[in-house]
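In what follows, a single structure is set out as structure tokens and then discussed.
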Amino acid sequence: MKIAAVETIPFAIPFRKPLRFASGGVHTAEHVLVRVHTEDGLIGTAEAPPRPYTYGETQESIVAVIDKIFTPQILGLSALERETVHDRLDRTVGNPTAKAAIDMALWDILGQAAGMSVSGLLGGFTDRMRVSHMVGFAPAEAMVAEAERFRDTYGVTTFKVKVGRRPYTQDVEACRALREALGPDAELYIDGNRGWTASESARALREMADLGLVFAEELCPADDVLGRRWLVAQTTVPFIADESATRAADVTRELLGGSATAISIKTARTGFTGSQRVLHECEGLGVEVVMGNQIDGQLGTLCTVAFGAAHRTTARYAGELSNFLDMTDDLLTEPLTIEAGTLRIREGAGLGIDIDPDKLARYRQDR
Ligand code: MUC
Ligand code: MG
């Protein structure tokens, strides 16, 4: 299982409906397909989504850091030597989605070699997750129409609503309209992507106190240290750290500093190995987690559900697993489907990723 080569293939697939949020937007999935080849012919696969507004990575930087720095450092190591692989990758700071894609591709290889599913190897708790859909910025009526469509078509009843616009009252109105349209049983939570100040966030939360929000995520920047602590201390809604806690050490800092009371785990940035570190840290501390979405395509979503379904703590809440439905196409031979509000893991050895060669030829940008 020695690593013989790492392929980085940039590809671009347009979104039918772009996702817009306070820190940016995505119109086209310009991701990088990462394939790790072993000397004995196994191929581990994952995708890295560049999110410059969150991690500083671009499609070009992901390809460059893997090709020029990471691959030469890990060639010849076995897929079983993941700690050594990470020791080498961690010599370079940052680049979380590039590192995570390599990690997940190595797990895919381990699963294939063992003839077992990665989800089973990780923990095997269940074979599916309830789905939470992220509703991006739009006029309130359009946000309601989107949520109703996801409820009626896919059975989804949990929604993460993007907030963080100014004035904050338009987001409060949208959340109120969603609660009125979806009824008391729908689970609603909000994500501000750092768009508001601490005091705007406090006012917005007070005005939404009757909406039964399950979580509030990154409403204001964690870098506004005292403001954020002040906000988190006064709210009764669990406050999720997402982009402010992208590594186990950040998780420690945000939680112990009183700047968050729950954590978003994203396999796109911590792979499976780092995500388990974060998960076990949160379990040890008694802190709730949600499986987040890096605006993943189908490969990334498959990785998220494989991890989320594997552990009882990550399977407790709905995972953010549906935004690939807004893309015009994807690379999998057999597309993912959401039924009765749930997404199942893929059966079979490894991650069960089967890339359609025609689709890859059509969307890859390097040929
Ligand atoms: C989210 O949860 O914030 C938007 C920016 C990002 O980094 O992830 C997405 C979704
Ligand atoms: Mg977020």
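Okay, so the sequence shown: first residue is 2 according to the numbering used here, each after it adds one.
Glycine included, each C-beta is placed from N, C-alpha and C at the ideal position.
On the three-state DSSP scale, how would you describe residue i?
{"i": "R365", "result": "strand"}
{"i": "K1", "result": "Past the boundaries of the shown model lies residue 1; the chain is included only from 2 to 368, so the question cannot be answered."}
{"i": "E48", "result": "strand"}
{"i": "G57", "result": "coil"}
{"i": "Y190", "result": "strand"}
{"i": "L256", "result": "helix"}
{"i": "M2", "result": "coil"}
{"i": "L214", "result": "coil"}
{"i": "G351", "result": "strand"}
{"i": "R345", "result": "strand"}
{"i": "E40", "result": "coil"}
{"i": "S120", "result": "helix"}
{"i": "I339", "result": "coil"}
Quick one: does the C-beta of residue i sit closer than 8 Å to a heavy atom of the ligand MUC?
{"i": "D1", "result": "Coverage of the chain is limited to positions 2 through 368, which leaves residue 1 absent and any answer about it impossible."}
{"i": "N96", "result": "no"}
{"i": "S24", "result": "yes"}
What does DSSP give as the partner residues of residue i in its beta bridges?
{"i": "G320", "result": "V132"}
{"i": "L20", "result": "V27"}
{"i": "E10", "result": "One detail in the question is off: residue 10 reads as Ile in this sequence, not Glu. Per DSSP, L34."}
{"i": "F240", "result": "A217"}
{"i": "I266", "result": "M292"}
{"i": "M328", "result": "F16"}
{"i": "S79", "result": "K3"}
Excluding the 5 residues flanking residue i on each side, which residues of the same chain have their C-beta closer than 6 Å to its C-beta?
{"i": "E31", "result": "A13 and Q60"}
{"i": "M437", "result": "The shown model of the chain, from 2 to 368, leaves out residue 437, and the question about it has no answer."}
{"i": "H28", "result": "F16 and P19"}
{"i": "F151", "result": "H134 and V157"}
Taking only heavy atoms of the ligand MG into account, decide whether any of them is closer than 8 Å to the Cβ of residue i.
{"i": "Q192", "result": "What sits at residue 192 in the sequence shown is Asp, not Gln. Result yes, Cβ under 8 Å from the ligand MG."}
{"i": "S265", "result": "yes"}
{"i": "G293", "result": "yes"}
For residue i, which residues from the same chain have a beta carbon less than 8 Å from its beta carbon, with the 5 sequence-adjacent residues on both sides left out?
{"i": "L280", "result": "I266, V290, H312, T314 and T315"}
Please list, in chain order, all residues of the same chain as residue i whose beta carbon is under 7 Å from its beta carbon, the five residues on each side excluded.
{"i": "Q366", "result": "P11, F12 and A13"}
Cβ contact (3+ pairs, closer than 8 Å) linking the stretch 156-163 and the stretch 48-55: no
Answer yes if the stretch 85-99 comes into contact with the stretch 109-118, meaning at least three C-beta pairs across the two stretches below 8 Å, and no otherwise. no
Any 3 or more C-beta pairs closer than 8 Å across the stretch 72-87 and the stretch 238-250: Touching, no, given that fewer than three Cβ pairs across the two stretches are closer than 8 Å.
The stretch 334-346 in contact with the stretch 99-106 per 3-pair CB rule at 8 Å: No, they do not touch.
Would the stretch 66-76 and the stretch 119-133 be scored as touching if the rule is three or more Cβ pairs under 8 Å? no
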